[in-house]
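Peer 1:
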Ligand code: SF4
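In this note's numbering, the protein residues as written are 3 to 64.
#1: Leaving out the 5 sequence neighbours to the left and right, which residues in its chain are closer than 8 Å to residue 22 when beta-carbon positions are compared?
#2: Could you tell me the boundaries of the beta strand (DSSP E) in which residue 55 lies?
#3: Report yes if the C-beta of residue 25 is less than 8 Å from at least one heavy atom of ligand 1; otherwise report no.
#4: Please report how far the alpha carbon of residue 15 lies from the alpha carbon of residue 33, in whole angstroms.
#5: With which residues is residue 40 paired in a DSSP beta bridge?
In structure tokens form, the structure reads like this:
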């Protein structure tokens, strides 16, 4: 599965980073960076948590 970021929607809240810090982080400019967009079963729960916690629905699983 793959995490997809709708960048224009992202407001840099960083809640997704708190939910899945090994998959994504905010850079120095407050822009979200997907460190690992392709995730396997081992990371599926964390990826799902990151998607659910985003208050503006900027992340989805494809
Ligand atoms: S929680 Fe949503 S709005 Fe906040 S940084 Fe992550 S993707 Fe962007």
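Just so you know, even glycine gets a beta-carbon here, dropped at the ideal spot from N, CA and C.
Peer 2: So, from the data block:
#1: 45, 48, 49, 51, 52
#2: Premise fails: residue 55 lies in the alpha helix (DSSP H), 43-55, not in any beta strand (DSSP E).
#3: Checking every heavy atom of ligand 1 against the Cβ of residue 25, none is found closer than 8 Å.
#4: The C-alpha of residue 33 is placed about 10 Å away from the C-alpha of residue 15.
#5: 4
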